[in-house]
Amino acid sequence: MHLEKREQLMLDGESGEAARQSMEILVALGKIYGAQKMIPITSAQVAGVSYKTIGDAGLEYLQDLATKGAKTIVPTFLNPAGMDIAQWKEMRVPEEFAKKQIAILEAYSKMGIMKTCTCAPYFIGIRPKKGEHIAWAESSAISFANSVLGARTNREGGPSALAAAICGVTPYYGLHLEENRVARLVVGVDFELKTISDFSALGCAIGEIAKDRYPAFTGIKSAAEEQLKVLGASMAATGSVPLYFVKSITPEWKVADDAEKITITETELKTVKSNLDSRERPQLVTLGCPHASLNEIKAVADMVSKRKPNCEFWVCTSRKLKEDADKLGYTKTIQSAGGRVVADTCMVVCPLEQMGYSVTGTNSGKAAKYLPNLCKQKVAFGDFEDILYR
Ligand code: F3S
0 MHLEKREQLM
10 LDGESGEAAR
20 QSMEILVALG
30 KIYGAQKMIP
40 ITSAQVAGVS
50 YKTIGDAGLE
60 YLQDLATKGA
70 KTIVPTFLNP
80 AGMDIAQWKE
90 MRVPEEFAKK
100 QIAILEAYSK
110 MGIMKTCTCA
120 PYFIGIRPKK
130 GEHIAWAESS
140 AISFANSVLG
150 ARTNREGGPS
160 ALAAAICGVT
170 PYYGLHLEEN
180 RVARLVVGVD
190 FELKTISDFS
200 ALGCAIGEIA
210 KDRYPAFTGI
220 KSAAEEQLKV
230 LGASMAATGS
240 VPLYFVKSIT
250 PEWKVADDAE
260 KITITETELK
270 TVKSNLDSRE
280 RPQLVTLGCP
290 HASLNEIKAV
300 ADMVSKRKPN
310 CEFWVCTSRK
320 LKEDADKLGY
330 TKTIQSAGGR
340 VVADTCMVVC
350 PLEQMGYSVT
360 GTNSGKAAKY
370 LPNLCKQKVA
380 FGDFEDILYR
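Number 95 in numbering that gives the first Met the number 0 belongs to position 96 of the sequence shown; there are no gaps in the numbering.
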């Protein structure tokens, strides 16, 4: 594998121990995947932020790296943490958990990483352009960056994204190479997809079928970014799909001649939705997996101002958009209806099971997939309005 002089010096330890250790990770990855060289990146997104997912071992690893002087050299931002940094006490997050979570954020901050704590950085202005090389680590954000924005990232793990952020490069293989960005599964959708839960269920179904192939959808007439984010997030959760195309909507379209062709019907989609739903009445209804856009927060505020729900509800989003929602009065409207705009975290990576909940509602295929195992929740699945007033 060819290394530029600067990269070789890093590997030789000239830029310090943290950079040496990081370049070693990148070179090892490059060798495994047959990369010929490194490619400079314009941003990195680091996952492995919640204390719930990385535990004490992860915290110690990060503190060790920060003590060794690790510093990121490209704009780098964080995936959601395990709690809302401002509201954790009201939300009944255990104090011991909170202490560890704060220590994790401090370690990342020492390395120069922005505490954005969002899985939808594209809604707060972090939008790499088509063809830009990046190293992102959150599966739904990877899917959005590759598919909707046309940027280029592999499915990085937490440590490899952090190593790329410290070295400013990533191994040049996989989805960084034009020739690999080819769909091998064509999915015809022969009916109109209307709601977020429709796109979520489609993603859940196709993720399972596609596995590691990239799907190309035909027949989808229009799709808002909020719908594309759940489509990608669900496929990344039930399969390992980091890239998809939607004919005439996403910026790329390249299909292999021998691609398998399938069709999904409205009846099949109804079955998928029904299978995701326990039909229980939720104690907590959540929106924002991936994190909600300002449009979604506004829509919830409008809805609950007309009719008060009879259960607790959260709208999960980034700190930046929560602040915008505060200024625009959406947060106050949501609070008056018994809800909460939750920042920095989400229903899956917070310790929901330790906070007194056992049945949670979601319109997200990704959350529906993870809530039972990661949070010991029964899932009420459907459109936000339907489960909120169930
Ligand atoms: Fe984001 Fe949490 Fe869903 S990190 S994609 S809201 S599981």
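Note that CB positions come from ideal geometry on N, CA and C, so glycine has one too.
Span of the alpha helix (DSSP H), counted from its first residue to its last, around residue i
i	result
Gln20	Glu16 to Ile31
Ile195	Ile195 to Ala209
Arg5	Lys4 to Leu10
Gly54	Tyr50 to Thr66
Gly231	Glu224 to Thr237
Phe143	Ser138 to Ser146
Leu387	Phe383 to Leu387
Proximity test, residue i beta-carbon vs the ligand F3S heavy atom, cut-off 7 Å
i	result
Ser247	no
Ser317	no
Tyr243	no
Gly57	no
Leu352	For the sequence presented, residue 352 should be read as Glu rather than Leu. No, since every heavy atom of the ligand F3S falls outside the 7 Å radius drawn around the Cβ of Glu352.
Ala342	no
Val347	yes
Cys288	yes
Pro158	no
Through-space distance from residue j to residue i, alpha-carbon basis
i	j	result
Lys297	Asp11	52 Å
Lys331	Asp325	7 Å
Tyr213	Leu184	6 Å
Lys321	Cys345	13 Å
Val340	Leu64	33 Å
Asn372	Leu351	12 Å
Ile84	Ala342	8 Å
Ala136	Ile333	31 Å
Arg151	Leu174	6 Å
Asn362	Leu161	31 Å
Val168	His132	9 Å
Cys310	Val299	14 Å
Pro289	Phe383	14 Å
Gly54	Ala255	42 Å
Ala82	Gly111	Checking the sequence shown, residue 82 turns out to be Met, not Ala. One C-alpha to the other measures close to 21 Å.
Gln86	Gln20	36 Å
Val358	Ala366	12 Å
Pro39	Thr266	46 Å
Ser335	Ser247	42 Å
One or two residues paired with residue i in a DSSP bridge
i	result
Lys377	Val358
Met37	Pro170
Phe244	Ala215
Arg151	His132
Met113	Phe76
Endpoints, beta strand (DSSP E) assigned at residue i
i	result
Gln44	Ala43 to Val45
Ala255	Val254 to Ile263
Ala342	Gly338 to Ala342
Phe122	Per DSSP, Phe122 belongs to no beta strand (DSSP E) and is neither H nor E.
Ala182	Ala182 to Val188
Proximity test, Cβ basis, 8 Å: residue i and chain C
i	result
Val229	Within the model displayed, chain C is absent; a lone protein chain is all it includes.
Minimum length 4: unbroken alpha helix (DSSP H) runs contained in the segment 281-329: 293-305 and 318-327
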